[in-house]
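**Q** Note that the protein sequences, when read in sequence, are chains A and B. Quick note, the first sequence lines up with residues 81 to 287 if you use the numbering used here. Quick note, the second sequence lines up with residues 81 to 287 if you use the numbering used here.
2 protein chains.
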Amino acid sequence: MDTIITISRQFGSGGRLIGKMLAEKLGIPFYDREIIVKAAQNCGFAREFVEDNEQKRNGIASFAVAPAWIGISPANSFDNFEAKIFAAEAGAIESFAHGGACVIVGRCADYVLKNKFDCLNVFVYADSASRVKRVVEVYKDASDVKKAQKLVRDKDKFRARHYKYYTENEWGGASNYNLCIDSGKLGIDACVSILYEAYVQYDGRQK
Amino acid sequence: MDTIITISRQFGSGGRLIGKMLAEKLGIPFYDREIIVKAAQNCGFAREFVEDNEQKRNGIASFAVAPAWIGISPANSFDNFEAKIFAAEAGAIESFAHGGACVIVGRCADYVLKNKFDCLNVFVYADSASRVKRVVEVYKDASDVKKAQKLVRDKDKFRARHYKYYTENEWGGASNYNLCIDSGKLGIDACVSILYEAYVQYDGRQK
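(1) Does DSSP classify C199(A) as helix, strand or coil?
(2) Sort out for me which residues DSSP pairs R89(A) with in a bridge.
(3) Is it right to say S93(A) is buried, meaning 16 or more other beta carbons lie within 10 angstroms of its own, or is it exposed?
(4) Suppose only complete runs of 3+ residues qualify. What are the beta strand (DSSP E) ranges in the stretch 204 to 263 of chain B, listed by chain order?
(5) Shorter than 8 Å from the beta carbon of I140(B) to some beta carbon of chain A?
(6) Suppose you measure from the CA of E248(B) to the CA of R241(B); what does that come to, to the nearest Å?
(7) Please classify K220(B) as buried or exposed, where buried requires at least 16 neighbouring CB atoms within 10 angstroms.
(8) How long is the line joining the alpha carbons of Y282(B) and K226(A), rounded to whole angstroms?
(9) Can you pull the DSSP bridge partners for I184(A)?
(10) Would you verify that the beta carbon of R211(A) is, or is not, closer than 8 Å to some beta carbon of chain B?
(11) Can you list, in chain order, the residues of its chain whose CB lies under 6 Å from that of Q229(A), leaving out five sequence neighbours each side?
(12) Helix, strand or coil for F176(A)? Go by DSSP, reduced to three states.
(13) Starting from L102(A), trace the alpha helix (DSSP H) in both directions and tell me its first and last residue.
(14) Could one say the Cβ of K265(B) lies closer than 8 Å to chain A's Cβ atoms, at least one of them?
(15) Scan the stretch 250 to 277 of chain A for residues whose Cβ lies nearer than 9 Å to a Cβ of chain B and list them as they occur along the chain.
(16) Helix, strand or coil, according to DSSP, for G171(B) in the structure here?
(17) Taking A170(A) as the reference, which of F91(A), Y205(A), A222(A), Y111(A) has the closest Cα?
(18) Enumerate in chain order the residues of its own chain whose CB-to-CB distance from N133(A) is below 7 Å, with the five nearest sequence positions on each side excluded.
(19) Please tell me whether, using a cut-off of 7 Å, the distance from the CB of Y205(A) to the nearest non-hydrogen atom of the ligand SAH is below it.
(20) Answer yes or no: do Y205(A) and T83(A) have a C-beta to C-beta separation smaller than 8 Å?
(21) Residues of chain B with a CB under 7 Å from the CB of Y191(A): which are they?
(22) Starting from E128(A), trace the alpha helix (DSSP H) in both directions and tell me its first and last residue.
(23) Just reading off the alpha helix (DSSP H) that L193(B) is part of, what are its end residues?
(24) For E131(B) versus I108(B), is the C-beta spacing smaller than 8 Å?
(25) Identify whether S142(B) lies in helix, strand or coil by the three-state DSSP scheme.
(26) With 8 Å as the limit, tell me which residues of the stretch 238 to 249 of chain A have their beta carbon closer than that to any beta carbon of chain B; keep them in chain order.
(27) Contact defined as beta carbons within less than 8 Å: I believe L259(B) pairs with L200(B). What is the distance between those atoms, to the nearest angstrom?
(28) Could you check whether V185(A) and R48(A) sit closer than 8 Å to each other, using their CB atoms as the reference points?
(29) Quick one: list the residues of chain A neighbouring R285(B), beta-carbon separation under 8 Å, in chain order.
(30) Exposed or buried, E250(A), counting other C-beta atoms within 10 Å across all chains shown (16 or more means buried)?
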């Protein structure tokens, strides 16, 4: 009963909520923002700084040395910040995984835990229209369709680039995961039930 | 209770067996070789000819007219045969779908039924080592590892090209399916239970 579930998810797919409900149903811990808190402790940055700067990589080739005109020293270049945050989050994820069965959302947890822990890696996705609809309903700062469409597009672009940069794999490529599930078609509750069944079947077999 | 399950699968993943067991558990028909039989009736070719020539497309640009040196008339060019077989199989798949809930394996059924029937589209995959192991165990003509490795590689290449040619989508790309499931990690029986849960959840909601 030590299988860890990692959840990667398209923005607006409800993957975070599915993970939370699944953890509650299984009676195991759920880690999302807790990773930020622990990572901040690990690297000594303020929690808000970690939160603002995780997954900011924008696909521009990284600078070995920050250009002088940016006005920050090489040691404090953006790349340096992000790499420190990634390492601190990876450390947080590993320490949570050492605690036993849990659900971990985002932050390349599937990659961080690979070959170290027994994981069920899940990808939650949905068609664009379902995700925009959900974003309009749930997120206060994207209350109209145009804003929501832009947010869905931008967030997924960032997530894909971040994942690719650190793992060298394709974000959302089925072969990186053990289960990919379409929350737009199936709905949030059904996804929870299906993943619950997957966990019970898999974890039961490992005992 | 009219949801149709289509199953695409990597060669050696056990996707066919999973589909068969799922159909039995749900008490609904299972269509695989039946598609060949019905397609042969539809297009007038012998069953063996349909079987030998479905999914033979090898990725070479298609000829509008067969080159003269091949020695067959344009009307009987290979492309012409394959297109006829594809159309006949599509017709067979649609007629089975009209009969209500069922499980259909392969032959781009997800694409053929799109926007016409309510489908749960499933992709079954597994890591290469699991598939080779299964092929060695199950297939008489690939009883050693080298043969099995070649068969796994070749069969998937054909399936991917065939799917791409007719649907213009990527075979195995998560967004074409509602559930992608790793039979290597989860095992055949667990996959059946998980897909059963998915069907019951989804189909129950549609009633």
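Ideal Cβ placement from N, Cα and C applies to all residues, glycine included. Remember, it's a predicted structure, so these values are computed and weren't measured experimentally.
**A** The structure says:
(1) Note: C199(A) maps to strand in three-state DSSP.
(2) V204(A)
(3) buried
(4) 259 to 262
(5) For I140(B), the predicted model reports a pLDDT of 36, less than 50, meaning its position is unreliable and no value from the coordinates is stated.
(6) Whole-angstrom Cα-Cα distance: 10 Å.
(7) Exposed, because fewer than 16 other Cβ atoms sit within 10 Å of the Cβ of K220(B).
(8) When rounded, the distance between both Cα atoms is 30 Å.
(9) T86(A), Y111(A)
(10) no
(11) Same-chain partners within the cutoff: V212.
(12) helix
(13) 95 to 106
(14) yes
(15) Cβ contacts with chain B come from G252, G253, A254, S255, Y257, N258, L259, C260, I261, D262, G264, K265, L266, G267, D269, A270, C271, S273, I274, L275, Y276, E277.
(16) helix
(17) Y111(A)
(18) The answer, listed in chain order, is F161, E162, I165.
(19) Absence of the ligand SAH is noted for the structure shown, with no ligands found whatsoever.
(20) Not in contact: Y205(A) and T83(A) (Cβ atoms no closer than 8 Å).
(21) Here the premise fails: no neighbours, minimum Cβ distance about 16 Å.
(22) Secondary structure note for E128(A): its alpha helix (DSSP H) is the uninterrupted segment 127 to 133.
(23) L193(B) -> alpha helix (DSSP H) spans 189 to 193.
(24) no
(25) Because the pLDDT at S142(B) is just 38, under 50, the model does not fix this residue reliably, and the value given afterwards should be weighed accordingly. Coil at S142(B), not helix or strand.
(26) Within the stretch 238 to 249 of chain A, no residue qualifies.
(27) 7 Å
(28) Any question about residue 48(A) goes unanswered here, given that chain A covers just 81 to 287.
(29) Near R285(B) (Cβ distances below 8 Å), the residues of chain A are G267, A270.
(30) exposed
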